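J.: According to the working numbering, the stretch in the sequence shown is residues 30 to 465, in order.
Note that the Cβ used here is the ideal one computed from N, Cα and C, for glycine as well.
Here the structure is a predicted model, which is why all the values come from computation and not from measurement.
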Amino acid sequence: MRTKTNLFLITLGMLLGVLLGTCGSVLADRAARQADTIPFTELRTFTEVFSRIESDYVEPVSDKKLLENAIRGMLSGLDPHSAYLNPEEYKELRIGTTGQFGGLGIEVGMENGFIKVIAPIDDTPAQRAGIKAGDLIIRLDDKPVKGMTLREAVKIMRGPPGTSITLTIVREGVDKPLKITITRAIIKIKSVKHRMLEPGYGYLRITSFQSRTGEQLHKAINQMKKEGPLKGLILDLRNNPGGVLNAAVAVSDAFLDQGKIVYTDGRIEEAKMEFKATPGDIIENVPMVVLINAGSASASEIVAGALQDHRRAIVMGQKSFGKGSVQTILPLSNGGAIKLTTARYYTPSGRSIQAEGIVPDIVLGMVRLEAIAEAEEFKPVTEASLTRHLENGAKKKQPESEEEKARTESEALLKDYYLHEALNVLKGINIVKSIH
Numbered sequence: 030m031r032t033k034t035n036l037f038l039i040t041l042g043m044l045l046g047v048l049l050g051t052c053g054s055v056l057a058d059r060a061a062r063q064a065d066t067i068p069f070t071e072l073r074t075f076t077e078v079f080s081r082i083e084s085d086y087v088e089p090v091s092d093k094k095l096l097e098n099a100i101r102g103m104l105s106g107l108d109p110h111s112a113y114l115n116p117e118e119y120k121e122l123r124i125g126t127t128g129q130f131g132g133l134g135i136e137v138g139m140e141n142g143f144i145k146v147i148a149p150i151d152d153t154p155a156q157r158a159g160i161k162a163g164d165l166i167i168r169l170d171d172k173p174v175k176g177m178t179l180r181e182a183v184k185i186m187r188g189p190p191g192t193s194i195t196l197t198i199v200r201e202g203v204d205k206p207l208k209i210t211i212t213r214a215i216i217k218i219k220s221v222k223h224r225m226l227e228p229g230y231g232y233l234r235i236t237s238f239q240s241r242t243g244e245q246l247h248k249a250i251n252q253m254k255k256e257g258p259l260k261g262l263i264l265d266l267r268n269n270p271g272g273v274l275n276a277a278v279a280v281s282d283a284f285l286d287q288g289k290i291v292y293t294d295g296r297i298e299e300a301k302m303e304f305k306a307t308p309g310d311i312i313e314n315v316p317m318v319v320l321i322n323a324g325s326a327s328a329s330e331i332v333a334g335a336l337q338d339h340r341r342a343i344v345m346g347q348k349s350f351g352k353g354s355v356q357t358i359l360p361l362s363n364g365g366a367i368k369l370t371t372a373r374y375y376t377p378s379g380r381s382i383q384a385e386g387i388v389p390d391i392v393l394g395m396v397r398l399e400a401i402a403e404a405e406e407f408k409p410v411t412e413a414s415l416t417r418h419l420e421n422g423a424k425k426k427q428p429e430s431e432e433e434k435a436r437t438e439s440e441a442l443l444k445d446y447y448l449h450e451a452l453n454v455l456k457g458i459n460i461v462k463s464i465h
């Protein structure tokens, strides 16, 4: 063991010597620059620690494991999103796990050593089980999360479809930790959903930004247009954890005629990018409201920020998550890769999203409006509510199916406070426009 350590230290020492002693007219400047930037004192400390662990740790540890842990520590110590991917993990990232592993349907990150739920994805086991944005996961079955890496925790949450896992979570406003058991399933995400709330008022929900989201958005809007002219549109990005940058650009571009959508800036030239809108607004300046909350992250924030900066839409809800950094996958010679944060996103006006998020134009509190209209004591007394009231006579009775549809939509709006308020804002805008 000691011989192996000495060989490692000798090899590292030789490497440092080569870097310091490189000469010749072609390599002299490069070596000088390397000598200025390589932290030799810290590397000596590293070799001392490596030697101590290898010789004195209670159990034998392979050189490979120690070095991989050191690399992981280097990256995880930078920010919550940078990470080392060994060859197996990198392969998994590239080919995906569809059809091989079940999942819960949550986007997660690290916070103070615990797993934080960024957002549950619509129509997934996690959402149906009641997981909420902002929940902190402290145990996975009987395993404490503290001390795990994000990748280790995600690996435990994955598993064969039909199997279960119990999450112990801490939720703001709840005194005791909650235990929620979720059955894993293959996660199939429909990224765009739409419906008409009332005649002329459309609702568009984007659950995540995928490669075909822009195309699906155009189809959804064209279908809504067939039901009649649009007077207002609500774009719902709540609990949308993000996704593909190009999809966020495509969605923003659909509602903008010109100008910047988003730009990125970092230390290397490749990290400096700018995306601009092309002519044409798919709904021709129809009033818009964008709904966001603390679960709206990354690509969602790009869209909300672009439409807000261009004053194309009113942003309502809660302050967004604040994930405004760009990660680049850099392959390594060993078949693995590093996922490294290389840039920050900026809105058209130059605002950094990172750790700040998007602040809505109209902030709505954490209020859930119950459907109180169903309770008799809250219903207003009208002529129509009186026993044996006289019918209108001239009014044609609406078909039952349409009445039922209108009642169901009204109840849904009452239960969704944000959506209810967004629709009221759009109606108010149209009233003001009609006066002028």
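1) Taking 8 Å as the cut-off, decide whether the C-beta atoms of Pro228 and Arg213 are in contact.
2) Is it right to say Gln347 is buried, meaning 16 or more other beta carbons lie within 10 angstroms of its own, or is it exposed?
3) Inspect the CB distances between the stretch 289-308 and the stretch 177-192 and report whether three or more fall short of 8 Å.
4) Exposed or buried, Glu181, counting other C-beta atoms within 10 Å across all chains shown (16 or more means buried)?
5) Between the stretch 288-297 and the stretch 226-246, do three or more beta carbon pairs fall short of 8 Å?
6) Leaving out five residues on either side along the sequence, give the residues of the same chain with a beta carbon under 7 Å from the beta carbon of Gly288.
7) Distance, Cα to Cα, Leu95 vs Ser84?
8) Tell me the residue span of the beta strand (DSSP E) that contains His223.
9) Could you work out which residue in Gly138, Pro116 and Pro308 is closest to Ser362 when comparing CA atoms only?
10) Distance check for Phe79 and Lys248, CA to CA, integer angstroms please.
11) In whole angstroms, give me the CA-to-CA distance for Pro149 and Val344.
12) Take Ile209 as the anchor and find which of Arg168, Met177 and Glu201 has the nearest alpha-carbon.
13) Use the C-beta contact count for Leu246: other C-beta atoms within 10 angstroms, 16 or more gives buried, fewer gives exposed.
14) What does the alpha-carbon distance come out to for the pair Leu133 and Leu179?
15) Which two residues bound the contiguous beta strand (DSSP E) that contains Pro308?
16) For Ala451, count the other beta carbons within 10 Å of its own beta carbon; 16 or more makes it buried, fewer makes it exposed. Which is it?
17) Under DSSP, the beta strand (DSSP E) around Pro360 begins and ends at which residues?
18) Closer than 6 Å by C-beta to Ala326: which residues in its own chain qualify, once you throw out the five before and the five after it? Chain order, please.
19) Taking the beta strand (DSSP E) that Ile263 falls in, what are its first and last residues?
20) With distances taken between CB atoms, is the gap from Val174 to Leu259 smaller than 8 Å?
21) Give the secondary structure of Tyr292 by DSSP, where H, G and I count as helix, E and B as strand, and everything else as coil.
22) Report all residues from its chain with a CB closer than 7 Å to the CB of Pro154; omit the five preceding and five following residues, and keep chain order.
23) Are the Cβ atoms of Val278 and Ile290 separated by less than 8 Å?
24) With C-beta atoms as the reference, is Gly243 less than 8 Å away from Ala283?
25) My assumption, with CB atoms under 8 Å, is that Ile198 sits in contact with Pro206. Please give the rounded CB distance.
26) With a threshold of 6 Å on Cβ separation, who are the neighbours of Arg224 within its own chain once the five nearest residues in sequence on each side are excluded?
T.: Answer, in terms of the structure:
1) no
2) Counting Cβ neighbours within 10 Å, Gln347 comes out buried, since at least 16 surround it.
3) no
4) exposed
5) no
6) Lys305, Ala306, His339 and Pro377
7) 12 Å
8) Val221 to Glu227
9) Pro116
10) 58 Å
11) Cα to Cα, Pro149 sits roughly 21 Å from Val344.
12) Residue Arg168 is the option with its Cα nearest to Ile209.
13) buried
14) 15 Å
15) Note, Pro308: premise wrong, no beta strand (DSSP E); not H, not E.
16) buried
17) Its beta strand (DSSP E) spans residues Ser354 to Pro360.
18) Ile147, Pro270, Gly271, Phe350 and Lys352
19) For Ile263, the enclosing beta strand (DSSP E) covers residues Gly261 to Asp265.
20) no
21) strand
22) Leu133, Gly134, Ile211, Thr212, Arg213 and Ala214
23) yes
24) yes
25) 6 Å
26) Tyr232
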